[in-house]
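Residues in the sequence shown are numbered consecutively from 128, following full-length UniProt numbering.
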Amino acid sequence: DICLTEIQMDEQKDPTGGSMLRTLKSRLLLVDDDEVLRSYLTRRLQLDDCVVDEAADVESAMKLLRTHTYDLVTLDLMMHPQSGYELFEFLKEDPTLKWLPLIVLSGRNDLNDKVRCFHLGADDYVTKPFQYEELAARIYGLLKRTKNFEQLAFRDPLTGVFNRRYFDLQIGMELQRIERYPAPISLVFIDIDFFKRINDTYGHHVGDLVLQGLAHLLQTNLRSTDLLARFGGEEFVIALPNTSLEQAFSTIQNILHIISSNPVAHYEGKPFSITFSAGVAQWREGLSVADWVAKADEAMYQAKQQGRNRVIC
Ligand code: GH3
Ligand code: MG
Ligand code: MG
Ligand code: MG
Numbered sequence: 128d129i130c131l132t133e134i135q136m137d138e139q140k141d142p143t144g145g146s147m148l149r150t151l152k153s154r155l156l157l158v159d160d161d162e163v164l165r166s167y168l169t170r171r172l173q174l175d176d177c178v179v180d181e182a183a184d185v186e187s188a189m190k191l192l193r194t195h196t197y198d199l200v201t202l203d204l205m206m207h208p209q210s211g212y213e214l215f216e217f218l219k220e221d222p223t224l225k226w227l228p229l230i231v232l233s234g235r236n237d238l239n240d241k242v243r244c245f246h247l248g249a250d251d252y253v254t255k256p257f258q259y260e261e262l263a264a265r266i267y268g269l270l271k272r273t274k275n276f277e278q279l280a281f282r283d284p285l286t287g288v289f290n291r292r293y294f295d296l297q298i299g300m301e302l303q304r305i306e307r308y309p310a311p312i313s314l315v316f317i318d319i320d321f322f323k324r325i326n327d328t329y330g331h332h333v334g335d336l337v338l339q340g341l342a343h344l345l346q347t348n349l350r351s352t353d354l355l356a357r358f359g360g361e362e363f364v365i366a367l368p369n370t371s372l373e374q375a376f377s378t379i380q381n382i383l384h385i386i387s388s389n390p391v392a393h394y395e396g397k398p399f400s401i402t403f404s405a406g407v408a409q410w411r412e413g414l415s416v417a418d419w420v421a422k423a424d425e426a427m428y429q430a431k432q433q434g435r436n437r438v439i440c
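Written out as structure tokens, the structure reads:
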């Protein structure tokens with residue numbers, strides 16, 4: 128009862144912009160030529176659990192945007208040698224940056240500037256001087272909407288992992304990055320063995336639980352930089368950046384060992400486990416995403432042919 132009272136009292140505390148922002152753990156890029164403002168904002172945002180990068184001009188902002196992923200950008204207008212307006216053009220031309228949430232943070236309190244910025248794609252416009260808590264609340268509001276939208280568009284509702292649409296989008300970006308900064312990257316194609324039999328024997332609902340269990344196991348045994356997606360019914364794909372064919376092979380081999388030796392779900396109180404077949408393919412220059420996926424899929428098919436419950440390169 129004491130606990131309950133404390134929780135209720137906690138909830139009655141007035142929320143601040145910063146405390147709301149803290150729940151999102153966002154990555155932000157601040158573009159502003161005012162060093163004092165940048166370091167003040169960075170310090171406040173970091174206290175609210177944000178990861179913050181700073182750019183003092185448009186060119187360094189472009190460099191960071193090409194190589195890093197951000198949840199939101201704040202943009203100053205009056206900067207040298209290029210004004211903030213020049214960054215809008217850059218963002219608009221890149222399909223992966225086109226929809227990046229952007230808040231203009233400007234000393235110009237001018238109607239024309241405000242309207243022009245929204246026209247060019249800004250999501251919000253805050254004039255200097257501003258209060259940190261208000262900016263934090265605005266960032267929170269914008270990110271919350273974006274995240275909800277992404278959740279609906281890019282997640283598989285059954286398992287919670289990314290869907291194929293997101294995978295296609297993200298893998299294209301990843302390969303663009305690798306063309307600039309070469310590194311190995313491998314792809315795994317996973318298909319559950321005899322999944323139809325699981326549905327037929329235990330029912331579709333248990334089949335769903337198996338899919339959720341496998342997705343969870345995969346997610347918890349992968350690195351945060353690995354990209355896991357549900358590709359189709361009982362098929363998953365994983366892109367492993369900075370990972371050679373051999374490393375990817377042993378990672379998936381290890382996961383197969385875990386899934387096959389632990390219960391994934393229960394039927395009438397009795398636990399059971401599953402196996403999968405997997406194919407691995409490393410990307411090489413000139414290989415399209417479709418051909419790369421096909422290569423991993425073919426290796427997976429070999430694994431089925433050779434008796435299932437195995438990983439093939
Ligand atoms: P193999 O070892 O050759 O892969 O055999 P399989 O039975 O796994 O392959 P098959 O492609 O014949 O069967 C896939 C099954 O997956 C058929 C389909 O009903 C089932 N399935 C696809 N999506 C879902 C889902 O969302 N939930 C459930 N429960 N079953 C699904
Ligand atoms: Mg300025
Ligand atoms: Mg299949
Ligand atoms: Mg199957």
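Virtual Cβ for every residue (Gly too), placed ideally from N, Cα, C.
Nearest to residue i (by Cα), restricted to the options the options
i, options, result
"Ile401", "Arg435, Arg171, Lys274 and Ala417", "Arg435"
"Val407", "Asp335, Tyr212, Cys440 and Thr223", "Cys440"
"Val420", "Leu285, Gly299, Leu270 and Gln374", "Gly299"
"His390", "Leu354, Leu414, His343 and Glu213", "Before going further, note that residue 390 is Pro rather than His in the sequence given. Looking at the Cα atoms, His343 is the closest of the given residues."
"Ala392", "Leu354, Thr347, Arg437 and His332", "His332"
"Asp295", "Thr169, Asp418, Gln374 and Met427", "Asp418"
"Pro256", "Gly234, Gly268, Leu238 and Lys271", "Gly234"
"Gly144", "Val200, Leu383, Leu262 and Pro208", "Leu262"
"Pro284", "Gly360, Lys431, Ile317 and Gln429", "Gly360"
"Asp141", "Leu367, Glu186, Glu260 and Glu425", "Glu260"
"Pro368", "Leu355, His207 and Ser404", "Leu355"
"Arg193", "Ala366, Pro222, Tyr167 and Val438", "Pro222"
"Pro311", "Gln429, Asp240, Leu172 and Ser371", "Ser371"
"Lys241", "Ala264, Trp226, Gln278 and Asp203", "Asp203"
"Gln297", "Asp161, Leu224 and Leu414", "Leu224"
"Ala430", "Asp161, Val185 and Phe403", "Phe403"
"Asp424", "Ile319, Leu302, Thr273 and Thr196", "Ile319"
"Asp160", "Ser146, Arg282, Thr201 and Asn290", "Thr201"
"Tyr394", "Asn326, Ile386, Ala405 and Arg411", "Asn326"
"Leu173", "Asp184, Phe376, Ala188 and Leu157", "According to the sequence shown, residue 173 is Gln rather than Leu. Taking only the C-alpha atoms, the option nearest Gln173 is Leu157."
"Thr196", "Pro208, Ile385 and Thr352", "Thr352"
"Leu349", "Tyr329, Glu373, Gly330 and Ile379", "Ile379"
"Phe316", "Ala405, Gln432, Leu199 and Arg411", "Ala405"
"Ile385", "Arg437, Glu412, Glu362 and Val364", "Arg437"
"Met206", "Asp184, Ser146, Leu218 and Glu220", "Asp184"
"Arg282", "Gln432, Arg357, Pro398 and Ala375", "Arg357"
Opposing strand residues paired with residue i [DSSP bridges]
i, result
"Ala392", "Phe399"
"Arg357", "Phe363"
"Ile385", "DSSP output for Ile385 lists no bridge partner at all."
"Ile439", "Gly406"
Where residue i falls: helix, strand or coil (DSSP)
i, result
"Asp176", "coil"
"Arg243", "helix"
"Ile129", "Because the pLDDT at Ile129 is just 45, under 50, the model does not fix this residue reliably, and the point stays unresolved."
"Gln429", "helix"
"Tyr167", "helix"
"Ile134", "Here Ile134 scores only 48 on pLDDT, less than 50, and its place in the model should not be relied on; the value that follows carries that caveat. In this structure, Ile134 counts as helix in the three-state DSSP scheme."
"Gln409", "strand"
"residue 451", "Here the chain comprises residues numbered 128 to 440, so residue 451 is not present and cannot be evaluated."
"Ser377", "helix"
"Val231", "strand"
"Arg154", "strand"
"Arg282", "strand"
"Val288", "coil"
"Gly248", "coil"
"Asn236", "coil"
"Met205", "coil"
"Leu192", "helix"
"Lys274", "helix"
"Ser351", "coil"
"Leu224", "coil"
"Lys323", "helix"
Residue i: first and last residue of the uninterrupted alpha helix (DSSP H) it sits in
i, result
"Phe316", "Run containing Phe316: none in the alpha helix (DSSP H); it sits in the beta strand (DSSP E), Ile312 to Ile319."
"Val333", "His331 to Thr347"
"Thr370", "Premise fails: Thr370 is in no alpha helix (DSSP H) and is neither H nor E."
"Arg292", "Arg291 to Arg307"
"Leu414", "Here Leu414 belongs to no alpha helix (DSSP H), and DSSP marks it neither H nor E."
"Leu214", "Tyr212 to Glu220"
Span of the beta strand (DSSP E), counted from its first residue to its last, around residue i
i, result
"Arg149", "Counting along the chain, Arg149 falls outside any beta strand (DSSP E), though it belongs to the alpha helix (DSSP H) covering Gly144 to Arg149."
"Thr254", "Asp251 to Thr254"
"Leu199", "Leu199 to Leu202"
Chain D within 8 Å of residue i, Cβ atoms only
i, result
"Leu229", "Among the protein chains of the structure shown there is no chain D, as only one such chain exists."
- Would the stretch 171-178 and the stretch 138-152 be scored as touching if the rule is three or more Cβ pairs under 8 Å? yes
- For the stretch 245-260 and the stretch 221-235, state whether three or more C-beta atom pairs, one from each stretch, are separated by less than 8 Å. yes
- Task: Tell me, please, whether the stretch 337-352 touches the stretch 277-291 by the rule of three or more beta-carbon pairs shorter than 8 Å.
- Result: yes
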